[in-house]
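In the working numbering, the protein residues as written are 605 to 735. One structure is given here, and the rest of the page talks about it.
Take a look at the structure:
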């Protein structure tokens, strides 16, 4: 997109020498070099901090996943040793409420759910002449 070749660089240096003069040019070039060094150091610190945060998030996710796996394994083991639950009847399955919604963060949505569907409106009678 924006490329500076050797000839363009020589032209810029020549113009800077004419505008600033031979006394000020080394000071300005040194100051620009210090600014670029500071900018690079800040960019490096920012990149390192992002990498550390990414590694920390990955470590937390792995710990949470391993804890969830261990908890589900212990729950499954305790459920297999428990007494079997009585069989559900047809009315129990019709009146049972659905389990609450749980999002990815583990937060449970406790909003009340309707247990019955609203009655459907009947279609109006059709005129026999139109059919």
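Heads up, the beta-carbon is just placed ideally off N, CA and C, and yes, glycines get one too.
| query | result |
| --- | --- |
| Assuming residue 621 and residue 629 make a contact with CB atoms under 8 Å, what is their CB distance in whole Å? | 6 Å |
| Distance, Cα to Cα, residue 616 vs residue 645? | 26 Å |
| Enumerate in chain order the residues of its own chain whose CB-to-CB distance from residue 632 is below 8 Å, with the five nearest sequence positions on each side excluded. | 620 and 624 |
| How is residue 625 classed by DSSP in three states: helix, strand or coil? | helix |
| What three-state label does DSSP hand residue 608 in the structure shown? | coil |
| Looking only at its chain, what residues have a beta carbon closer than 7 Å to the beta carbon of residue 612, apart from the 5 residues adjacent to it on each side? | none |
| May I have the straight-line CA-CA distance separating residue 669 from residue 663, to the nearest angstrom? | 10 Å |
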